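One structure is given here, and the rest of the page talks about it.
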Amino acid sequence: MNSREGMSPFLVTGRTKVCGIFGHPVEHSLSPPMHNAAFAALGLDYIYVPFPVSPVGLPQAIAAVRALGLAGVNVTVPHKEAVLPLLDELSKAAALNGAVNTIVNRSGRLYGDNTDGSGFLRSLAEDAGFLPAGKTALVLGAGGAARGVAVQLALAGVKSLILANRTERRANELAASLSERTGVETAVAPWPDSGNTWTAGDGSGDKTLDEAVRNSDLIVQATSLGLDGGAALPPLNYALLGPEKVVCDLVYTPPDTPFLKQARKYGARTVSGLGMLLYQGVLAFELWTGKAAPVEVMREVLYKFKNI
Ligand code: NDP
64 MNSREGMSPF
74 LVTGRTKVCG
84 IFGHPVEHSL
94 SPPMHNAAFA
104 ALGLDYIYVP
114 FPVSPVGLPQ
124 AIAAVRALGL
134 AGVNVTVPHK
144 EAVLPLLDEL
154 SKAAALNGAV
164 NTIVNRSGRL
174 YGDNTDGSGF
184 LRSLAEDAGF
194 LPAGKTALVL
204 GAGGAARGVA
214 VQLALAGVKS
224 LILANRTERR
234 ANELAASLSE
244 RTGVETAVAP
254 WPDSGNTWTA
264 GDGSGDKTLD
274 EAVRNSDLIV
284 QATSLGLDGG
294 AALPPLNYAL
304 LGPEKVVCDL
314 VYTPPDTPFL
324 KQARKYGART
334 VSGLGMLLYQ
344 GVLAFELWTG
354 KAAPVEVMRE
364 VLYKFKNI
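All letters in the sequence shown, in the order written, are residues 64 to 371 by my numbering.
Dropping the structure here:
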């Protein structure tokens, strides 16, 4: 194992193992400070570098992982799907997602995994003590983040998965693909027409979505609503929430979103999407190094950059 014992945390040698992130853009990524702090905390001789990779450059960048002997990389927008055919092996979660966020270089063979969904589950367990097996979950959204979470909930043995999305066709497609490929019981609830102006507790809300909220142990907000402090709330009947329900917002900018505040107002237990960001990194770190990640060090870096 590479060790930096007795060395400056920033000294790079011929033995240093290189990890990184491929994205376009990558300037905003919090992964470099988070992973470099974690390597330093454990005295591991690793370094994590951001690589701006354009879509046209992705095949050469992946070839470079082998040619340069990088230990592993994260891939982010817009490469998570396009990278699949360039890899040698995929985890079950990555194959079901059709998306990869972590690559491990195993002596030149590239293994693609997806730690977004598994990071989400770890965050639910650590931050709310919530285990999904046998439970009913409602996922709002049908984009990449919703798919990642839904796949992992199905693999973790939820009893039932209910999807609701503004464009219902996409929720139907995701539900059909999940039940066919994992055997999980799925249902689709319609997204209320009232748009983003629907006010919590007022009006009757949508009957079927109301039923979904009532029956769910876990509600995951996986749309982009509320991003960057936008005040729009998903059109739920919030009065149906209560302390027996766990509510998570994947949007983490700001970490305590209007949706989470609203859910707490009605008694629900809430989990910030920042936990998913943290634990996808924790799991990637553990795949690359084989060591238990220093979670608190990584959390501290995220909180510092988010001014928490
Ligand atoms: P996508 O673009 O793939 O999907 C966006 C989703 O949001 C779709 O379901 C879309 O519905 C829905 N949506 C967008 N605008 C509205 C609106 N005005 N009203 C209702 N629904 C709307 O994005 P991702 O799935 O990749 O990401 C979604 C969110 O998850 C992002 O905001 C991101 O911040 C967060 N995220 C968090 C992560 C974490 O680690 N915590 C990781 C990844 C993402 P439609 O199909 O109708 O267009």
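The beta carbon of each residue, even a glycine, is placed where N, CA and C say it ideally should be.
The model shown is predicted, which means the values in this text are computed figures rather than measured ones.
- In the DSSP assignment, P113 falls within the unbroken beta strand (DSSP E) covering 109–115.
- Taking every protein chain shown into account, the CB of I371 has fewer than 16 other CB atoms within 10 angstroms, so this residue is exposed.
- Residue pairing by DSSP places Q284 opposite L203, D312 in a beta bridge.
- Around the C-beta of F85, 16 or more other C-beta atoms lie within 10 Å, and the residue is accordingly described as buried.
- In the structure shown, the three-state DSSP call for S154 is coil.
- Excluding sequence positions up to five before and after L150, its CB lies within less than 6 Å of the CB of L173, G175, all in the same chain and listed in chain order.
- Relative to ligand 1, the beta carbon of M361 is positioned no closer than 7 Å to any heavy atom.
- Membership of S181 in the alpha helix (DSSP H) is indicated by the continuous run 178–191.
- Under the DSSP definition of a beta bridge, L173 partners with N168.
- By the beta-carbon neighbour count (other beta carbons within 10 angstroms, threshold 16), Y342 is buried.
- Going by DSSP, G83 is part of the beta strand (DSSP E) stretching over 80–86.
- Counting only residues of its own chain and dropping the five nearest sequence neighbours on each side, P306 has a CB closer than 6 Å to the CB of G330.
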